[in-house]
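Residue numbers (the numbering used here), protein chains in the order written: chain A, 3 to 298; chain B, 65 to 291. From the three backbone atoms N, C-alpha and C, an ideal C-beta is built for every residue, glycine too. Worksheet: the structure to be examined is printed underneath.
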Amino acid sequence: MIINSSSFKRCSNDIKNNKFLHAITFITVVLSILIVGTFVLFASNAQELLDRWKSGIKVIVYLENNISSSEKTRTRLEIRNFEEVEDVFFVSGEKGLEELKNQMTRQKAIFENLKTNPLPDSLEVFLKKDRKDLESLESLASKIEQFQSVGEVEYGKEWIGRFVKIISLSRLAAISMGAVFFMVTVFIIANTIRLALYSRKEEIEIMQLVGADDRFIKSPFYIQGFLHGFLGGIGGLLILFLLFFIFSVNISQDLSAFIIKIKFMSLKSVFIILFCSTLVGWLGCYISLKQFSKNS
Amino acid sequence: MTILGSQPIIRMFNVYKRYDKMSALSDISIDINSGELIFITGPSGAGKTTLLKLFYKAETVTAGQLLIGGLNLSRVRPSALYKLRRKFGIIFQDFKLIPSMTVFENVAIVLEASGEKQRIIERKVSKVLRTVGIEDKKNLYPPSLSGGEQQRAAVARAVIGEPEIIIADEPTGSLDPESARIIIELLREFNERGTTLIIATHSQELIKQNRGRVIRLKKGQIVEALT
Chain A
3 MIINSSSFKR
13 CSNDIKNNKF
23 LHAITFITVV
33 LSILIVGTFV
43 LFASNAQELL
53 DRWKSGIKVI
63 VYLENNISSS
73 EKTRTRLEIR
83 NFEEVEDVFF
93 VSGEKGLEEL
103 KNQMTRQKAI
113 FENLKTNPLP
123 DSLEVFLKKD
133 RKDLESLESL
143 ASKIEQFQSV
153 GEVEYGKEWI
163 GRFVKIISLS
173 RLAAISMGAV
183 FFMVTVFIIA
193 NTIRLALYSR
203 KEEIEIMQLV
213 GADDRFIKSP
223 FYIQGFLHGF
233 LGGIGGLLIL
243 FLLFFIFSVN
253 ISQDLSAFII
263 KIKFMSLKSV
273 FIILFCSTLV
283 GWLGCYISLK
293 QFSKNS
Chain B
65 MTILGSQPII
75 RMFNVYKRYD
85 KMSALSDISI
95 DINSGELIFI
105 TGPSGAGKTT
115 LLKLFYKAET
125 VTAGQLLIGG
135 LNLSRVRPSA
145 LYKLRRKFGI
155 IFQDFKLIPS
165 MTVFENVAIV
175 LEASGEKQRI
185 IERKVSKVLR
195 TVGIEDKKNL
205 YPPSLSGGEQ
215 QRAAVARAVI
225 GEPEIIIADE
235 PTGSLDPESA
245 RIIIELLREF
255 NERGTTLIIA
265 THSQELIKQN
275 RGRVIRLKKG
285 QIVEALT
């Protein structure tokens, strides 16, 4: 590919002569990146929230009241030996009640009237980092439930299940929206380049007659495709960042009550989006040039 | 009819060109030597422009063989066509200047396409524009030039790449006598330096004023060849 000052000059001439067409293409790329970026932003924040939540995930195993302390120790050790388990802590009924009292200071009166401790002894089971998914939780819970010494197992199955579903859906939406907008944008860029090619058909024929090769003729169009993709990507990301900034300033206080801190996407995601939008520009250009070469 | 020369740069053997069932050229066999001045003449529709187009493969032969510098044109792939075209400097009847480019850019494009350095391009283009007498017009666009000035720009573009062969299709057809004289003088200068010059023209006066080989066409056939 010969890219020299002439390529840039011919590229800028074409943009000047077809301002409206190029503006529409640029705006299309910006909007596509904005929509896809919004989904990526939502998915990455939801993932972050899930990860933070996962770090605190534990299975609470309530033991039967009438078992001996050696049986309690054996149960703890057996659970500790499961491959997905990181650690198991014993929490006595008394300690459990103490913690509950500390958590419910406003309802202290309820506890004052208690004659006996209603809470059984329990085990807090923490999973290994890479096993904190719903499947592992369910399989571990069902294994623990088999123990004679265990009364009840609790791990917030419904909440975790719903949240995982929301995250999977948003990820799927980001991927499918990305694929749809990828194709739409490739098509629009290909069309723009095709129109530019046909408006300069005579010029291209003259160049061929004076000995210009294909690479020289095509170079300004590749620059255009690259610029549409790259600058459109930057434009879309900048607008997304601006919208994110306005949004986060206005609602971060409301969300802080839920201990949620929303963040902009990672630098890696920014580069991936920028790379994809540049690829879209290049691909659109490649397709139309390939068709043009076939027809000319 | 066959005309033989000692060092042929162009060789045509029984060349035919047909468009559907209409015959444009029939049984053309010519040898054109390196450095020769050739006039191709004949009435409108005789096949002059078609013959020129076959040389730089803007048209392909229907039958027969055409060799340029020993290269059989039927074997030149479209992707390698630019190499053949760089052997030629072509002056078109309708100039074929790019209207969105300045005179300078129109001429420079030949060197830019072959990857020449910008510094060298500027020097060479300025020199050739001075030679053809339109250096002061280098920043103007073709539509703002007169016919004579556009033709000079076309000559500048044809010679800038120092081609082996210059092809000129009716180079004086739309010019006043003075502009025509200047253009022909310029082309003759390049021919005298060893460039093969092929001119297609109606003008018998132009042929009489210049010593060159004349090939006369009629209805797509060579009817006369004078040395």
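Hey, quick one: how far does the alpha helix (DSSP H) through residue i stretch, first residue to last?
i	result
residue 78 (chain B)	Counting along the chain, residue 78 (chain B) falls outside any alpha helix (DSSP H), though it belongs to the beta strand (DSSP E) covering 72–83.
residue 288 (chain A)	269–297
residue 156 (chain A)	Here residue 156 (chain A) belongs to no alpha helix (DSSP H); instead the beta strand (DSSP E) covers 152–156.
residue 211 (chain B)	211–223
residue 138 (chain A)	136–147
residue 170 (chain B)	167–177
residue 238 (chain B)	Segment: none, residue 238 (chain B) is in no alpha helix (DSSP H) and carries neither H nor E.
residue 188 (chain B)	182–196
residue 78 (chain A)	71–82
residue 114 (chain A)	110–114
Tell me which same chain residues have a C-beta within less than 7 Å of the C-beta of residue i, skipping the five on either side of it?
i	result
residue 174 (chain B)	221, 224 and 225
residue 161 (chain B)	170, 206, 214, 217 and 218
residue 270 (chain B)	236 and 248
residue 163 (chain B)	205, 206 and 207
residue 19 (chain A)	none
residue 202 (chain B)	166, 167, 168 and 193
residue 272 (chain A)	239
residue 149 (chain B)	120
residue 13 (chain A)	222, 225 and 226
residue 239 (chain B)	211, 212, 215 and 247
Residues in the same chain with beta-carbon distance under 8 Å from residue i, minus the five sequence neighbours each way, listed in chain order, please.
i	result
residue 41 (chain A)	172, 175, 176, 179 and 180
residue 129 (chain A)	59, 60, 61, 86, 87, 88, 138, 139 and 142
residue 65 (chain A)	74, 77, 122, 123, 124, 125, 151, 152 and 153
residue 241 (chain A)	32 and 36
residue 274 (chain B)	101, 103, 248 and 252
residue 28 (chain A)	230, 233, 234 and 237
Given residue i, which residues of its chain have a CB within under 6 Å of its CB, disregarding the five upstream and five downstream residues?
i	result
residue 56 (chain A)	134
residue 166 (chain A)	136
residue 66 (chain B)	Confidence at residue 66 (chain B) is low in this model, with a pLDDT of 41, below 50, so its placement is unreliable and the value that follows should be read with caution. These residues qualify, in order along the chain: 93.
residue 243 (chain B)	212
residue 156 (chain A)	62
residue 69 (chain B)	Residue placement at residue 69 (chain B) cannot be trusted, given a pLDDT of 44 that sits under 50; the coordinates are not used to answer.
residue 34 (chain A)	183 and 187
residue 8 (chain A)	none
residue 129 (chain B)	77
For a contact defined as C-beta to C-beta under 8 Å, what are the partners of residue i on chain B?
i	result
residue 197 (chain A)	In chain order: nothing, as chain B lies at least about 16 Å away.
residue 6 (chain A)	176, 179 and 182
Which residues in chain B have a C-beta closer than 7 Å to the C-beta of residue i? List them in chain order.
i	result
residue 208 (chain A)	160 and 162
residue 15 (chain A)	164
Specify, as a first and last residue, the run of the beta strand (DSSP E) that residue i falls within.
i	result
residue 231 (chain B)	229–233
residue 126 (chain A)	124–129
residue 60 (chain A)	60–65
residue 88 (chain A)	87–93
residue 40 (chain A)	Counting along the chain, residue 40 (chain A) falls outside any beta strand (DSSP E), though it belongs to the alpha helix (DSSP H) covering 21–57.
Report yes if the C-beta of residue i is less than 7 Å from at least one heavy atom of the ligand HEM; otherwise report no.
i	result
residue 70 (chain A)	For the ligand HEM, the structure offers nothing, since it holds no ligand at all.
List, in order along the chain, the chain B residues whose C-beta lies closer than 9 Å to that of residue i?
i	result
residue 19 (chain A)	164
residue 205 (chain A)	162, 163, 164 and 165
residue 297 (chain A)	Simply none; closest approach about 13 Å.
residue 47 (chain A)	Residues of chain B passing the Cβ test: none, with the nearest at roughly 49 Å.
residue 252 (chain A)	Here the premise fails: no neighbours, minimum Cβ distance about 49 Å.
Against residue i, what residues of chain A qualify as contacts under a CB-to-CB distance less than 8 Å, listed in chain order?
i	result
residue 221 (chain B)	212
residue 141 (chain B)	Per Cβ cutoff of 8 Å: no residues; residue 141 (chain B) is ~12 Å from chain A at best.
residue 154 (chain B)	211 and 212
residue 173 (chain B)	8, 209, 212 and 214
residue 80 (chain B)	In chain order: nothing, as chain A lies at least about 23 Å away.
Starting from the beta carbon of residue i, find every residue of chain D whose beta carbon is closer than 9 Å, and list them in chain order.
i	result
residue 205 (chain B)	In the structure shown, chain D does not exist; the protein chains are A and B.
Along chain A, which residues have their Cβ under 7 Å away from the Cβ of residue i?
i	result
residue 150 (chain B)	213
So with CB distances below 9 Å, who are the chain A contacts of residue i?
i	result
residue 225 (chain B)	212 and 213
- prompt: Whole beta strand (DSSP E) runs in the region 80–152 of chain B with 3 or more residues, listed along the chain?
  reply: 86–97, 101–105 and 127–132
field: 4-residue-minimum alpha helix (DSSP H) runs that sit fully inside the region 196–267 of chain A, ordered along the chain
entry: 203–211 and 216–258
- request: Check each residue of the region 212–226 of chain A: if its Cβ is closer than 8 Å to any Cβ of chain B, include it; give the result in chain order.
  value: 212, 213, 214, 215, 216 and 218
field: Interface residues of the region 112–128 of chain B facing chain A [CB-CB below 9 Å]
entry: 120 and 122
task: Jot down the residue ranges of each uninterrupted beta strand (DSSP E) in the region 253–287 of chain B, minimum 3 residues, whole runs only, in chain order.
output: 260–265 and 277–282
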